[in-house]
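A.B. asks:
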Amino acid sequence: MIRRVKTTSFKVGARRRPVTAAAVLTALATTLLLSACGKGSGPADDKPVVLTTFTVLADIAANVGGEHLTVESITKAGAEIHGYEPTPGDIKKAAQADLILDNGMNLEAWFGQFVDGVDVEHMVVSDGVEPIAIGEDAYAGKPNPHAWMSPLNVQIYVDNMVAAFSELDSAHTADYRSNGDAYKAQLQKVQDELVAELGALPVNERALVTCEGAFSYLARDAGLTEKYIWPVNAEQQATPQQIASTIEFVKQNRVPAVFCESTVSDAPMQRVVEASGAAFGGTLYVDSLSEADGPVPTYLDLIRHDADTLTSALNGQRS
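Throughout the sequence shown, residue numbering follows mature numbering (1 follows the signal peptide of the UniProt record, and there is no 0), covering -36 to -1, 1 to 283 in sequence.
1) Counting only runs that start and end within the region 93 to 137, where is the alpha helix (DSSP H) found for 4 or more residues in a row?
2) Measure the alpha-carbon distance for leucine 274 versus leucine 162 and round it to whole angstroms.
3) If you run the structure through DSSP and keep just helix, strand and coil, what is alanine 61?
4) Report buried or exposed for serine 134, applying the criterion of at least 16 other Cβ atoms within 10 angstroms of its Cβ.
5) Buried or exposed, going by whether 16 or more other CB atoms sit within 10 Å of the CB of asparagine 67?
6) Which of the three DSSP states is assigned to glutamate 157 in this structure?
7) Restricting to runs no shorter than 4 residues, where is the alpha helix (DSSP H) found entirely within the region 10 to 35?
8) With distances taken from CA atoms, which of Cys224, Val35, Pro50 and Trp194 is nearest glycine 245?
9) Quick check: what's the CA-CA separation for aspartate 270 versus leucine 158?
10) What does DSSP give as the partner residues of phenylalanine 223 in its beta bridges?
11) When you compare the region 200 to 213 with the region 231 to 243, are there three or more beta-carbon pairs, one atom per stretch, that lie closer than 8 angstroms?
12) Where does alanine 171 sit, in a helix, a strand or coil, going by DSSP?
13) Count the other C-beta atoms from every protein chain shown that fall within 10 angstroms of the C-beta of valine 173, then say buried if there are 16 or more, exposed otherwise.
14) By the DSSP assignment, the beta strand (DSSP E) with methionine 233 in it spans what residues?
15) Residues in the same chain with beta-carbon distance under 6 angstroms from leucine 165, minus the five sequence neighbours each way, listed in chain order, please.
16) Just to confirm the assignment, what range does the alpha helix (DSSP H) spanning glutamate 49 have?
17) What are the residues that DSSP puts in a beta bridge with lysine 191?
18) Please work out which residues of its chain come closer than 8 angstroms, Cβ to Cβ, to valine 144, disregarding the five sequence neighbours upstream and downstream, and give them in chain order.
19) Got a sec? Which residues, its chain only, sit under 7 angstroms from isoleucine 267 by beta carbon, not counting five neighbours each side?
20) For valine 79, report the span of its alpha helix (DSSP H) as first-last.
21) Run through the DSSP bridge pairs and tell me what serine 252 is partnered with.
22) Which partner residues of valine 82 appear in the DSSP bridge assignment?
23) By the three-class DSSP mapping on this structure, what secondary structure does valine 88 have?
24) Contact between the region 177 to 188 and the region 94 to 113 is defined here as three or more beta-carbon pairs at a separation below 8 angstroms; is this criterion met?
25) In the DSSP assignment, find the alpha helix (DSSP H) that holds valine 214 and state where it starts and stops.
26) Just verifying my parser: in three-state terms, what is the DSSP assignment at aspartate 257?
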C-alpha cells in the first residue's frame, strides 16, 4: 500500500517547466540539510506528519486520521492544483513528512519533480477507482483525474488511507478504522442527497455545462449529460472551436444555466452566456476548498454546495 516516492507523474498536455540548476541545487541543499537534522523537529513530534498535495485530500485525511496524525496540504485554499509550482518551503515540508498522499491519475503535473530525491513514504489515494476516460481532444482515452467528485469514489480513498495510516501507525489501527467507517457513512449520506437532488431535475434540464471537464464522476452519479469548454486545465485553454461547440450544445439543448470552477477564469463561459442566452448559474468548487470562513471549508461542504448550486440554477431559481 505505502511505497517510497521515486516515481515521476506528469499530466498529459500540461505545462512542464524546465528545472533550473539553481532550483535543483536549492532542493538538494534543503533535502540534505533536513536529512542531517532529522524529521519531526518541532512541537508535533509525537504525531506522524501526513502531507497531501491539495486541500481536498487534506480534509479527507484529517477525518480519517483524527487526533493521531498531523495533516497538512502542500497547496493552499483556492489554489489551482494542475499547474502548481512547488516552493523550497514545500520541499522542506516533504522532507519532514512521514507520509505523502497524492491523488494520482495524472492530476499533479508537478509531483514527480517535487519529490525527486526526497526519501518519504508515498501512497496514491485513487488506487482501486474505476476511471472515466476523457472523451476528446489530445486527452482522449486518458483517465479523468477528478475522481473525488464522486462521494462513492472517496469511500475508496478512505479505505486506502485507513490501510496506509494503520501501516504508518499500527498502535491506532482501530481508531483509523472507526474514523473511516464513520466518515464513509457521511459520504454515503451526501451521495444519496446529491442523487436525489439532481435526479429531480426535468429531463431537458439535466445538462452540466462547465469550463473544465471536472465533473464526469458527479455527472455519472446523478445522470447528467456533461459538456465542457476544455477537457483538462492546461496552458492553452478555450480555443474558438471549443467555445463555438459549447455555444451550439447549449442552444440545441436549451440548457438554462452554465457554470465555471472557482480556480479558473469564467471569462470564456461568459462568452457562451452572451452568445447562447443561458444564465451563468454560479461558481462550482472542484480542485480546492475555501478558507474556513468561506463557502466550502470541507469536502462534504464542497459536494453539497455544488449540488445545491446546480439544482437551483438549472431550475431557474437564480438570485
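Beta carbons: idealized from backbone N, C-alpha and C, even for Gly. Treat the numbers as computed from the prediction; the structure is a model and nothing was measured.
C.D. replies: According to the structure data:
1) 115 to 132
2) Locating residue 274 in the sequence shown gives position 310, counting from the first residue. Locating residue 162 in the sequence shown gives position 198, counting from the first residue. Their backbone Cα atoms lie some 8 angstroms apart in a straight line.
3) The residue given as residue 61 occupies position 97 in the sequence shown. Coil, per DSSP.
4) Numbered from 1 along the sequence shown, position 170 holds the residue referred to as residue 134. Serine 134 comes out exposed.
5) The residue you call residue 67 lines up with position 103 of the sequence shown. Label assigned to asparagine 67: buried.
6) Here residue 157 refers to the residue found at position 193 when the sequence shown is read from its first residue. If DSSP states are grouped into helix, strand and coil, glutamate 157 belongs with the helices.
7) 19 to 29
8) Taking the sequence shown and counting its residues from 1, the one referred to as residue 245 is at position 281. Selected option, being the one with the closest Cα: Cys224.
9) Working through the sequence shown from its first residue, we reach residue 270 at position 306. Working through the sequence shown from its first residue, we reach residue 158 at position 194. Looking at the two C-alpha atoms, the distance is approximately 9 angstroms.
10) Counting from one through the sequence shown, the residue named residue 223 turns up at place 259. In the DSSP output, where bridge partners are listed per residue, phenylalanine 223 has Gly246.
11) yes
12) The count along the sequence shown starts at 1 and reaches residue 171 at position 207. Note: alanine 171 maps to strand in three-state DSSP.
13) Counting from one through the sequence shown, the residue named residue 173 turns up at place 209. That one is buried.
14) Here residue 233 corresponds to residue number 269 of the sequence shown, with the count starting at 1. Note, methionine 233: premise wrong, no beta strand (DSSP E); alpha helix (DSSP H) at 231 to 240.
15) Walking along the sequence shown from the start, residue 165 turns up at place 201. The answer, listed in chain order, is Leu278.
16) Residue 49 sits at position 85 when you count from the first residue of the sequence shown. Per DSSP, glutamate 49 belongs to no alpha helix (DSSP H) and is neither H nor E.
17) Mapped onto the sequence shown, residue 191 falls at position 227. Bridge partners of lysine 191: Val173.
18) Taking the sequence shown and counting its residues from 1, one reaches residue 144 at position 180. For clarity, residue 144 is glycine in the given sequence; the question names valine instead. Cβ within range, chain order: Val28, Val122, Asp123, Met125 and Val126.
19) Here residue 267 refers to the residue found at position 303 of the sequence shown. So the qualifying residues of the chain are Pro115, Val154 and Leu158.
20) The residue you call residue 79 lines up with position 115 of the sequence shown. From DSSP, the alpha helix (DSSP H) with valine 79 extends over 75 to 79.
21) Within the sequence shown, residue 252 is the residue found at index 288, counting from 1. In the DSSP output, where bridge partners are listed per residue, serine 252 has none listed.
22) Mapped onto the sequence shown, residue 82 falls at position 118. Looking at the DSSP assignment, valine 82 forms no beta bridge with any residue, so it has no partner.
23) As a working mapping, residue 88 is identified with position 124 in the sequence shown. Valine 88 falls in the strand class under three-state DSSP.
24) yes
25) For the purposes of this step, residue 214 is taken as the residue at position 250 of the sequence shown. Counting along the chain, the alpha helix (DSSP H) containing valine 214 begins and ends at 204 to 217.
26) Counted from its first residue, the sequence shown places residue 257 at position 293. Three-state result, aspartate 257: coil.
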